[in-house]
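Enquirer: First residue of the sequence shown: 905, per my numbering; consecutive thereafter. Ideal placement from N, C-alpha and C gives every residue a C-beta, glycine not left out.
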Amino acid sequence: MKTSLKDLHDAEDFFHFYQVPYHSRIVMVSRLHILKRFRDYLKQEQLLEADPADPVVWEKQRSFLIQSYTEFVHSSPKQGAPEGMVKQRTSACSGCQLNCLF
């Protein structure tokens, strides 16, 4: 099993590793934007080099992948989600079946 972010090569690898459901159509169009946003969040929280074998680290990293993905589910790939527009929701959205952050 892959245990390092460096072992993950494409967007689908990240979604599988973090067990995040996704729509292939959305990932196909927005993969670079999603992964860049994900990397930015990890870097900001000093989790880029953290070991995902640690369950606490894995869960935090997973939450940032979900956040990055949902920002692009609810926006066009060009615009992304406006900063400061993220808020917690408790129910799953109909578009992706994740507990969205919008």
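1. What separation, rounded to the nearest whole angstrom, lies between the Cα atoms of Arg943 and Tyr926?
2. Output the boundary residues of the alpha helix (DSSP H) element that contains Ser972.
3. Could you give the residue range of the alpha helix (DSSP H) that holds Leu936?
4. Can you tell me whether Leu912 is helix, strand or coil according to DSSP?
5. Let me know if His913 comes out buried or exposed under the rule of 16 or more other beta-carbons within 10 Å of its beta-carbon.
6. According to DSSP, is Asp955 helix, strand or coil?
7. Given this structure, state the Cα-to-Cα distance separating His937 from Ser928, to the nearest angstrom.
8. Quick check: what's the CA-CA separation for Tyr945 versus Val977?
Expert: If we stick to the structure as given:
1. 18 Å
2. 959 to 977
3. That run of the alpha helix (DSSP H) goes 928 to 948.
4. coil
5. The residue in question, His913, is exposed, as its Cβ has fewer than 16 Cβ neighbours within 10 Å.
6. coil
7. Each residue's Cα considered, the two are about 14 Å apart.
8. 17 Å
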